[in-house]
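Visitor:
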Amino acid sequence: MHLKENEPLAPLTTFGIGGTARWFVEAQSEDEIVEASAWARDRGIPLFVLGGGSNLLISDAGYPGLVLHIALRGITSFELPPTPDLPAQRIYQAAAGESWDHCVEQTLGANCAGVECLAGIPGTVGGTPVQNVGAYGQEVATVIERVRAYDLCECEFVEFNAAECAFSYRRSRFNTTDRGRYLITCVDYRLAVGGPVALRYPELYRALMDDRKEGEMPSPAEVAAAVRRIRQNKGMLLVEGDPNCRSAGSFFKNPVIADEHFRNIAARSADFPRTFPAGPGLVKLPAAWLIENAGFYKGYRLGKAGISRRHTLALVNYGDADQGGASAGEILALANEISIAVENKFGIRLEREPVLVGF
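FYI, the numbering for the sequence shown is 21 to 379, going by the numbering used here.
(1) Output yes or no for whether 7 Å exceeds the beta carbon distance between PHE379 and SER74.
(2) Taking the DSSP output, what are the residues bridged to PHE296?
(3) Using three-state DSSP, classify ALA245 as helix, strand or coil.
(4) Keeping to the same chain, check which residues put their C-beta closer than 7 Å to that of ALA246; ignore five residues upstream and five downstream.
(5) CA-CA distance, ILE358 and GLU99?
(6) Leaving out the 5 sequence neighbours to the left and right, which residues in its chain are closer than 8 Å to ALA298 when beta-carbon positions are compared?
(7) My output table needs one value for CYS185: the three-state DSSP class, helix, strand or coil.
(8) In the stretch 58-125, which residue ranges form an unbroken beta strand (DSSP E) of at least 3 residues, counting only runs that do not cross its ends?
(9) Nearest to ALA244 by alpha carbon, out of LEU106, LEU128, LEU32, LEU88?
(10) Does the stretch 274-288 come close enough to the stretch 35-53 to have 3 or more Cβ pairs within less than 8 Å?
(11) Is ASP231 close to the ligand HEM? I mean its beta-carbon at under 6 Å from any heavy atom of the ligand.
(12) Give, in chain order, every unbroken run of the beta strand (DSSP E) that is at least 3 residues long and sits entirely within the stretch 186-253.
(13) Note the first and the last residue of the continuous alpha helix (DSSP H) segment covering GLU174.
(14) Answer yes or no: do ILE90 and GLY134 have a C-beta to C-beta separation smaller than 7 Å?
(15) For ALA353 and ASN181, what's the separation of their Cα atoms in angstroms?
(16) Going along the chain, which residues of its own chain have a beta-carbon closer than 8 Å to the beta-carbon of THR205, five neighbours each way excluded?
(17) In this structure, how does DSSP classify GLY365 when only helix, strand and coil are distinguished?
(18) Tell me which same chain residues have a C-beta within less than 7 Å of the C-beta of TYR156, skipping the five on either side of it?
(19) Which ranges does the alpha helix (DSSP H) cover as unbroken runs of at least 4 residues, wholly within the stretch 122-152, from first to last along the chain?
(20) Expressed to the nearest angstrom, what Euclidean distance is found between the alpha-carbon atoms of LYS365 and ARG288?
(21) Does the stretch 321-334 come close enough to the stretch 256-270 to have 3 or more Cβ pairs within less than 8 Å?
(22) By how many angstroms is the C-alpha of GLU174 removed from the C-alpha of PHE68?
(23) Answer with buried or exposed for MET256, where buried requires no fewer than 16 other C-beta atoms within 10 angstroms of its C-beta.
(24) In angstroms, rounded to a whole number, what distance separates the CA positions of GLY235 and GLU25?
(25) Would you kindly work out how many angstroms separate the C-alpha atoms of GLU179 and ARG166, rounded to a whole number?
(26) How many Å lie between GLY301 and ALA286 at the Cα?
(27) Does the beta-carbon of LYS233 have 16 or more other beta-carbons within 10 angstroms, so that it is buried, or is it exposed?
(28) Roughly how many angstroms separate the alpha carbons of ALA30 and ALA108, rounded to a whole number?
(29) Quick check on the burial criterion: 16 or more other C-beta atoms within 10 angstroms. Buried or exposed for ASN337?
(30) Output yes or no for whether 7 Å exceeds the beta carbon distance between ALA58 and VAL45.
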């Protein structure tokens with residue numbers, strides 16, 4: 021274990037915001053994870069686990085404890101024996117520190133379906149079960165076979181199947197009932213070789229099917245390429261030098277509300293967008309539409325923080341190396357301004373997606 025002090029954290033995040041870690045360790049093995057967590061526990065020092073830095077906002081003051089950066093690498097795969105009832109399937113075992121998009125690329129090379137709509141999402145494999153990462157009609161909950169993790173309370177390694185992870189929309193046991201208890205080290209995904217692709221999202225369906233012959237379906241690789249194009253057009257694909265990419269992706273979750281509440285809003289809106297069923301008596305609304313109709317627009321600025329010029333769901337650090345970046349305080353001030361306006365107009369409290377660290 022190589023322990024550092026006062027390590028800058030902003031370069032390790034997609035926001036490019038935040039102070040320093042009082043102590044910092046980059047763990048490249050499970051043994052180093054055990055050693056680092058024991059070091060912090062024995063000294064009563066708070067511990068924060070950092071993956072790809074794509075879904076968090078770090079305080080300007082930094083983090084007063086130990087930041088454990090997960091850098092475990094490796095992806096292996098094997099085919100499952102075929103059965104009369106199941107098509108050919110393949111298991112991908114990916115270490116938590118692997119780039120998620122790299123993992124997706126590995127599956128596409130074997131023509132596997134199941135995560136093609138999740139291409140281009142920043143971050144690491146270890147973060148996917150925590151947030152139940154999803155986009156364009158897919159969620160990792162449908163393909164996760166096993167999650168291996170280190171139990172920081174019992175000081176032992178444990179494994180969970182998908183049902184034990186308690187997945188729901190952008191939630192799991194790892195960010196709700198057991199937040200902070202488990203440190204994920206490996207995830208297994210079960211994918212269908214040559215299986216049907218997911219085309220549930222209208223924008224994606226149109227991009228892929230408008231010019232195709234009837235019955236002709238795209239491959240998983242073609243779906244992933246289309247998803248990346250859509251994400252890039254919205255500033256949701258990390259591209260070096262693009263200021264719209266200095267964000268944590270979608271800052272707000274799409275809210276789920278009761279049917280009656282939705283009907284009241286729709287009755288007052290002439291251009292209400294498509295909604296999605298979210299369970300008995302519930303619908304999921306696009307947060308971007310709520311934000312825009314509460315008076316905000318693409319490119320809106322509050323100091324050096326602002327809304328992306330490509331997508332109203334992304335809050336962006338518009339600062340640069342010469343003038344200095346946006347502060348975490350500016351990002352939160354903008355988020356609060358948006359939340360208050362949406363709640364005042366629609367009676368809906370937007371829920372934040374990124375994790376706040378060091379506040």
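Glycine included, every Cβ here is placed at the ideal spot set by N, Cα and C.
Guide: Answer, in terms of the structure:
(1) In this structure, PHE379 sits away from SER74, with a CB-CB distance that is not shorter than 7 Å.
(2) LYS304
(3) helix
(4) LEU224, ALA227, LEU228
(5) 48 Å
(6) TYR189, VAL276, LYS304
(7) helix
(8) 67-70, 76-78, 83-90, 95-99, 109-115
(9) Checking every option, the nearest Cα to that of ALA244 belongs to LEU128.
(10) no
(11) In the structure on display, the ligand HEM does not appear, and there are no ligands present to speak of.
(12) As far as the stretch 186-253 is concerned, its whole beta strand (DSSP E) runs of at least 3 residues are 202-213.
(13) From DSSP, GLU174 is part of no alpha helix (DSSP H); its letter is neither H nor E.
(14) no
(15) 39 Å
(16) GLU50, ILE53, ILE90, LEU92, ALA115, ALA116, GLY146, ARG168, ALA169, TYR170, PHE177
(17) Note on residue identity: the sequence assigns Lys, not Gly, to residue 365. Correct three-state label for LYS365: helix.
(18) CYS137, TYR221, LEU224, VAL247
(19) Those alpha helix (DSSP H) runs which fall completely within the stretch 122-152 and span 4+ residues are 148-151.
(20) 11 Å
(21) yes
(22) Looking at the two C-alpha atoms, the distance is approximately 17 Å.
(23) buried
(24) Each residue's alpha carbon lies about 59 Å from the other.
(25) So the two alpha carbons sit approximately 7 Å from each other.
(26) 16 Å
(27) Exposed is the call here.
(28) 43 Å
(29) buried
(30) Between ALA58 and VAL45, the gap from beta carbon to beta carbon reaches 7 Å or more.
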